[in-house]
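Heads up, the thing below is written out as structure tokens.
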Amino acid sequence: MSKTCVLPDVNLLLAYGWRSHASHDETRRWFASLSKFATCAITELGFLRVSMSPGYRASQTDAAAVLTSLTSQSAARFLDCKTTPTALPAVSSYKDITDAYLVALARQHSCRFATLDEGVLKAAWAKGIAFHPFRG
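For the sequence shown, numbering that gives the first Met the number 0 begins at 0 and goes up steadily by one.
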């Protein structure tokens, strides 16, 4: 079991929650291996928003129930979003702002940021914090 706290991105929460996600089974096994993981307002709201989109078509009630099943686990904790915009690493694209915020939040709470996003994994501003959960 990993002893480092991990902040998973929204895509990993979606993979955990929905069987239709290509990485569902692998993500379930990965979450089960963690001794500590975290969510925050941004990742939880992102999960709800995308779950209710045409790609997943979940009701708010069903999406909230999945989220509760994850966040009620003993390994789960909630990170307060106290990181300010001035604490963000420098990014070159508006598309990176939310991920940069999550990386900064993970760093602030001595966590690592788990993502399947290759762009984030290659970004200089995410080095040492972001990692792909299914790669050794």
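In this text, a Cβ means the ideal position worked out from N, Cα and C, and glycines have one as well.
- By how many angstroms is the C-alpha of VAL9 removed from the C-alpha of MET0? Reliability of the predicted coordinates at MET0 is poor, the pLDDT of 49 falling under 50, and the value obtained from them is presented with this limitation in mind. Near 22 Å, if we compare the C-alpha coordinates of VAL9 and MET0.
- Task: Look at VAL65 and PHE77 and say whether their C-beta atoms are less than 9 Å apart.
- Result: Cβ atoms of VAL65 and PHE77: not closer than 9 Å.
- Query: In three-state terms, what does DSSP make of ALA74?
  - Reply: Residue state, collapsed to three classes: coil.
- Task: Using the Cα positions of ILE99 and ARG134, report the straight-line distance between them to the nearest angstrom.
- Result: For clarity, residue 99 is Ala in the given sequence; the question names Ile instead. Just so you know, the alpha carbons of ALA99 and ARG134 end up roughly 21 Å apart.
- How many Å lie between ALA122 and ALA74 at the Cα? Using only the alpha carbons, I get a separation of about 28 Å.
- Query: How close, in whole Å, do the beta carbons of CYS39 and LEU6 come, if the pair is a contact with beta carbons under 8 Å?
  - Reply: With a Cβ gap of about 7 Å, CYS39 and LEU6 count as contacting.
- Item | Three-state secondary structure (DSSP) of VAL90 | Assignment of VAL90 by DSSP, reduced to helix, strand and coil, places it in the coil class.
- Bounding residues of the beta strand (DSSP E) (the contiguous stretch that carries ALA113): In the DSSP assignment, ALA113 falls within the unbroken beta strand (DSSP E) covering 111–113.
- Message: Is the separation between the beta-carbon of ALA89 and that of ARG111 shorter than 9 Å?
- Response: ALA89 is not a Cβ neighbour of ARG111, given a cutoff of 9 Å.
- Whole-angstrom Cβ separation of CYS4 and HIS108, contact assumed at under 8 Å? Right, the Cβ-Cβ distance comes to about 7 Å (below 8 Å), so this counts as a contact.
- Message: Which complete alpha helix (DSSP H) runs does the region 1–65 hold, if anything under 4 residues is left out?
- Response: Whole alpha helix (DSSP H) segments, 4+ residues: 9–16, 23–32 and 40–50.
- Task: Starting from the Cα of SER92, find the closest Cα among TYR55, TRP124 and HIS20 and give me that residue.
- Result: Comparing Cα positions, the closest option is TRP124.
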